[in-house]
Amino acid sequence: MQKEVTKVKKKKPKKEIATTKYQELFLINEFPSSRAGKVVYIRPEYHEVLLRITQLAKEEKTTLYSYLDNILKQHLQQYSSEITQYFNNKFKPIL
Numbered sequence: 091m092q093k094e095v096t097k098v099k100k101k102k103p104k105k106e107i108a109t110t111k112y113q114e115l116f117l118i119n120e121f122p123s124s125r126a127g128k129v130v131y132i133r134p135e136y137h138e139v140l141l142r143i144t145q146l147a148k149e150e151k152t153t154l155y156s157y158l159d160n161i162l163k164q165h166l167q168q169y170s171s172e173i174t175q176y177f178n179n180k181f182k183p184i185l
């Protein structure tokens with residue numbers, strides 16, 4: 091009689107999964123490092139935090155520009171229906 095050997099797959103901890111998902115959503119660089127965008131002013135304390143996050147993600151070569159773009163893209167996708175509803179409530183058609 092042989093014993094059946096079952097392999098136990100180690101599950102990634104929830105925190106590691108969340109970190110990986112975060113990195114896949116936000117810490118990717120989809121743009122060249124050119125400055126073809128517009129100038130936007132942000133609070134100094136936010137700027138410092140955002141810079142530190144992108145500096146930590148240097149192996150992915152994430153720029154501040156790309157990081158902010160990813161945050162805005164996710165926000166606009168996630169809240170698109172609420173944004174549309176808000177806009178439609180504020181600007182009702184004339185006819």
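In terms of my numbering, the sequence shown is residues 91 to 185.
Where a beta carbon is used, it is the ideal one built from N, C-alpha and C, also for glycine.
- For the pair residue 160 and residue 116, the CB atoms are nearer than the 8 Å cut-off.
- In the DSSP assignment, residue 141 falls within the unbroken alpha helix (DSSP H) covering 134–146.
- For residue 157, the number of other beta carbons within 10 angstroms of its own is at least 16, and it is reported as buried.
- Residue 152 is a Cβ neighbour of residue 118, given a cutoff of 8 Å.
- Less than 8 Å separates the beta-carbon of residue 141 from that of residue 154.
- Residue 114 and residue 135 have their C-alpha atoms some 25 Å from each other.
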